[in-house]
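Asker: Numbering (my numbering), first residue to last: 1 to 495.
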């Protein structure tokens, strides 16, 4: 049986699609709901500069054009930096369902000089006027249909553009945009450099790093739920941060999962169930009639919920009170990541002992060994964890079923099976063996979690990270297999 336990782990070396990315939105409502609001804070040389408020109003009109309307209010004041320069702008921005530009109505004040722009774009014709200080210029020209538009400082317009692009790490995206304020068309080019952790204010998320080379040098951090949370313009020494607290106060009611969503996500759940069943097949095929097996799996799954409830607040506290302030004052991410990874391993591996011990010591009619209890409890933990993570990802972006993200969750199930075997076998022997197994699994979890900092620092890419993680888990599986084989004896009865 132990040989089957080792070789079952090799299933994780399946072929996977190396692409890791985010699919473009099918409609504007996939990334912004009606009346949703964004507040972007601007900083120049680290000093507050002003803010941009953006509201997606849903369906609306602009003159005779009908589409989806954004209302923007921009206020920037460069005076505290020694320059008498202020910008005030109220803007109505109209797009079609795919984000294509349909027109804008803009009232702009720049250091006391006024400018009014009214443009509509239909059937490849751009019509309207621009009024600068009372001098009106009539506009009637051609402009390609479906083009995206973005003015300087209009972060929500760049966010709109990214939402309707397929983003895949390593790709260079080229297009053209229209710049209404200058009545010009410009090339746009950016590289999707990676998927990294990003800090903005006191918040932290993971985001695609989109490095724009044209029309100006800037880097946007774009999350899977399609928000630009941070934008850096190095030539101007400017930084823009999404004010998450303001966003949360005005956040619209989340969209309920529909039957269509459930049908789309079901293949992922079935895949994880199948992976868990194949990895533990040598063990359940002889015990599938025993109710202890199913109770162990269910208890393991419920334990993940408890672990999550305990882990998330602790993780958020550590990140907000230690990591972010430490990095902002010059601390090393490599150092903070050690404790971050150790904290994760400590919490999750400790909780996995709970269901194993509950059945082992309390259920007098239990006929399964500690080894089997550990395997069944932790495979339930792993399957439920994978389904929960992929479920959240599905709600905020596209996840191909053959992808590194899915591969990551399958090797995660393998690791949970290994942890269960180690903890269960240790528990069946004595408290010292359990402690050693627990400590060893925490160290393995810490090592695999720590590798993500190398991805964030661009030392390795995401594919190499996944391969290294799989190798670590397989090595842990081999070590646990050899230890169990060496000390495999009839467990002492606990009855």
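Positions of the beta carbon are idealized from the N, C-alpha and C atoms, including for glycine. The structure presented is a predicted model; accordingly, all values stated were derived computationally and were not measured.
Buried or exposed: residue 435, going by 16 or more other Cβ atoms within 10 Å of its Cβ?
Answerer: Residue 435 sits at position 435 when you count from the first residue of the chain shown. Looking at its Cβ environment, which holds fewer than 16 other Cβ atoms inside 10 Å, residue 435 is exposed.
Asker: Give the range of the alpha helix (DSSP H) segment to which residue 288 is assigned.
Answerer: Taking the chain shown and counting its residues from 1, the one referred to as residue 288 is at position 288. Counting along the chain, residue 288 falls outside any alpha helix (DSSP H), and DSSP gives it neither H nor E.
Asker: Three or more C-beta pairs under 8 Å: does that hold for the stretch 334 to 354 against the stretch 279 to 293?
Answerer: Taking 8 Å as the limit for Cβ pairs, the verdict is that the stretch 279 to 293 does not touch the stretch 334 to 354.
Asker: With a Cβ-Cβ cutoff of 9 Å, do residue 383 and residue 411 count as a contact?
Answerer: In the chain shown, residue 383 corresponds to position 383, counting from 1. In the chain shown, residue 411 corresponds to position 411, counting from 1. Against a cut-off of 9 Å, the Cβ pair of residue 411 and residue 383 comes out as no contact.
Asker: Just how far apart, CA to CA, sit residue 188 and residue 171?
Answerer: For the purposes of this step, residue 188 is taken as residue 188 along the chain shown, with counting starting at 1. For the purposes of this step, residue 171 is taken as residue 171 along the chain shown, with counting starting at 1. Rounded to whole angstroms, residue 188 to residue 171 spans 14 Å at the Cα level.
Asker: Using beta-carbon positions only, say whether residue 139 and residue 181 come within less than 9 Å of one another.
Answerer: Taking the first residue of the chain shown as 1, we reach residue 139 at position 139. Taking the first residue of the chain shown as 1, we reach residue 181 at position 181. In this structure, residue 181 does not lie closer than 9 Å to residue 139 by Cβ.
Asker: Do residue 306 and residue 406 have their beta-carbon atoms positioned less than 9 Å apart in this structure?
Answerer: Taking the first residue of the chain shown as 1, we reach residue 406 at position 406. Taking the first residue of the chain shown as 1, we reach residue 306 at position 306. Cβ atoms of residue 406 and residue 306: not closer than 9 Å.
Asker: Per DSSP, what are the beta-bridge partners of residue 38 in this structure?
Answerer: Looking up residue 38 in the chain shown gives position 38. DSSP output for residue 38 lists 54 as bridge partner(s).
Asker: Would you grab the beta carbon distance between residue 420 and residue 377 for me? Rounded to a whole angstrom, and I think it's under 8 Å.
Answerer: Position 420 of the chain shown, counting from 1, holds the residue named residue 420. Position 377 of the chain shown, counting from 1, holds the residue named residue 377. That pair is a contact at about 6 Å.
Asker: Excluding five sequence neighbours on each side, which residues of the same chain lie with their C-beta closer than 6 Å to the C-beta of residue 53?
Answerer: One-based indexing of the chain shown puts residue 53 at position 53. Result list for residue 53: 39 and 73, in chain order.
Asker: My guess is that residue 198 and residue 230 are in contact by the Cβ rule of under 8 Å, so how many angstroms apart are they, rounded?
Answerer: Numbered from its first residue, the chain shown carries residue 198 at position 198. Numbered from its first residue, the chain shown carries residue 230 at position 230. Right, the Cβ-Cβ distance comes to about 6 Å (below 8 Å), so this counts as a contact.
Asker: What residue range is occupied by the uninterrupted beta strand (DSSP E) comprising residue 448?
Answerer: Locating residue 448 in the chain shown gives position 448, where the first residue counts as 1. It is not in any beta strand (DSSP E) - residue 448 instead sits in the alpha helix (DSSP H) that spans 431 to 450.
Asker: Do the stretch 18 to 37 and the stretch 128 to 136 make contact, defined as three or more Cβ pairs closer than 8 Å?
Answerer: With the cut-off at 8 Å, the stretch 18 to 37 and the stretch 128 to 136 do not touch.
Asker: Near residue 236, which residues of its chain fall below 8 Å by C-beta distance, leaving aside the five closest residues on each side in sequence?
Answerer: As a first step, residue 236 is located in the chain shown; it is residue number 236 there, counting from the start. Cβ neighbours of residue 236 beyond the five flanking positions: 44.
Asker: Please state whether DSSP places residue 66 in a helix, a strand or coil.
Answerer: The sequence position of residue 66 within the chain shown is 66, counting from 1. Strand.
Asker: Please state whether DSSP places residue 459 in a helix, a strand or coil.
Answerer: On the chain shown, position 459 is the one that residue 459 refers to. If DSSP states are grouped into helix, strand and coil, residue 459 belongs with coil.
Asker: With a CB to CB cut of under 6 Å and the five nearest residues on each side skipped, what residues in its chain are close to residue 240?
Answerer: Numbered from its first residue, the chain shown carries residue 240 at position 240. 40, 42, 155 and 231, listed in sequence order.
Asker: How long is the line joining the alpha carbons of residue 318 and residue 279, rounded to whole angstroms?
Answerer: Reading the chain shown from its first residue, position 318 is the one you call residue 318. Reading the chain shown from its first residue, position 279 is the one you call residue 279. Whole-angstrom Cα-Cα distance: 35 Å.
Asker: So what does DSSP say about residue 198, is it helix, strand or coil?
Answerer: Sequence index remark: in the chain shown, residue 198 carries index 198 (1-based). Residue state, collapsed to three classes: strand.
Asker: Are there 16 or more other CB atoms within 10 angstroms of the CB of residue 281, so buried, or fewer, so exposed?
Answerer: Position 281 of the chain shown, counted from the first residue, corresponds to residue 281. So residue 281 counts as exposed.
Asker: Please report the straight-line C-alpha distance between residue 408 and residue 466, rounded to a whole angstrom.
Answerer: Locating residue 408 in the chain shown gives position 408, counting from the first residue. Locating residue 466 in the chain shown gives position 466, counting from the first residue. One C-alpha to the other measures close to 6 Å.
Asker: Can you have a look at residue 288 and say buried or exposed, based on whether 16 or more other CB atoms are within 10 angstroms of its CB?
Answerer: As a first step, residue 288 must be located in the chain shown, where it is residue number 288. It is exposed - the Cβ of residue 288 has fewer than 16 other Cβ atoms within 10 Å.
Asker: Would residue 65 and residue 109 be called neighbours here (beta carbons separated by less than 9 Å)?
Answerer: Translated into the one-based positions of the chain shown, residue 65 becomes position 65. Translated into the one-based positions of the chain shown, residue 109 becomes position 109. No, Cβ-Cβ distance for residue 65 and residue 109 is not below 9 Å.
Asker: Quick check on DSSP: helix, strand or coil for residue 255?
Answerer: Taking the first residue of the chain shown as 1, we reach residue 255 at position 255. Low local confidence applies: a pLDDT of 49 at residue 255 is under 50, so the model's placement there is unreliable, and no value is given.
Asker: Less than 6 Å between C-beta atoms, sequence neighbours within five positions excluded: which residues of the same chain meet that for residue 488?
Answerer: Position 488 of the chain shown holds residue 488. So the list is empty, once near-sequence residues are dropped.
Asker: If we ignore side chains and look at the alpha-carbon of each, how far apart do residue 439 and residue 463 end up?
Answerer: For the purposes of this step, residue 439 is taken as residue 439 along the chain shown, with counting starting at 1. For the purposes of this step, residue 463 is taken as residue 463 along the chain shown, with counting starting at 1. Taking the straight line joining both Cα atoms gives about 28 Å.
Asker: DSSP on residue 158, reduced to helix/strand/coil?
Answerer: Working through the chain shown from its first residue, we reach residue 158 at position 158. Looking at residue 158 - three-state DSSP - the assignment turns out to be helix.
Asker: I'd like the span of the beta strand (DSSP E) that includes residue 139, first residue to last.
Answerer: Here residue 139 refers to the residue found at position 139 when the chain shown is read from its first residue. 135 to 142 is the span of the beta strand (DSSP E), which, as asked, contains residue 139.
Asker: Please state whether DSSP places residue 116 in a helix, a strand or coil.
Answerer: In the chain shown, the residue the question calls residue 116 occupies position 116. Residue state, collapsed to three classes: strand.
Asker: Alpha carbon to alpha carbon, how far is residue 178 from residue 219? Give it in angstroms, no decimals.
Answerer: Counting from 1 along the chain shown, the entry for residue 219 is found at position 219. Counting from 1 along the chain shown, the entry for residue 178 is found at position 178. Distance between the alpha carbons of residue 219 and residue 178 is about 20 Å.
Asker: I need the DSSP call for residue 247, collapsed to helix, strand or coil.
Answerer: Along the chain shown, one-based indexing puts residue 247 at 247. Its pLDDT being 38, under 50, residue 247 is placed unreliably in this model, and the value from its coordinates should be taken loosely. Residue 247 falls in the helix class under three-state DSSP.
Asker: Please look up how many angstroms separate the CB atoms of residue 190 and residue 99, rounded, as I've assumed it's under 8 Å.
Answerer: Mapped onto the chain shown, residue 190 falls at position 190. Mapped onto the chain shown, residue 99 falls at position 99. Actually they do not touch by this definition, with Cβ atoms about 16 Å apart.
Asker: Can you give me the C-alpha to C-alpha distance between residue 62 and residue 91, rounded to a whole angstrom?
Answerer: The residue you call residue 62 lines up with position 62 of the chain shown. The residue you call residue 91 lines up with position 91 of the chain shown. C-alpha separation (whole angstroms): 11 Å.
Asker: Note the first and the last residue of the continuous beta strand (DSSP E) segment covering residue 164.
Answerer: Taking the chain shown and counting its residues from 1, one reaches residue 164 at position 164. Taken as a continuous stretch (DSSP letters only), residue 164 belongs to no beta strand (DSSP E), as it is neither H nor E.
Asker: In three-state terms, what does DSSP make of residue 147?
Answerer: Within the chain shown, numbered from 1, the residue matching residue 147 stands at position 147. The answer is coil: DSSP assigns residue 147 none of H, G, I, E or B.
Asker: Relative to the alpha-carbon of residue 468, which residue among 478, 480 and 452 has its alpha-carbon at the smallest distance?
Answerer: Walking along the chain shown from the start, residue 468 turns up at place 468. Minimum Cα distance to residue 468 is reached at 452.
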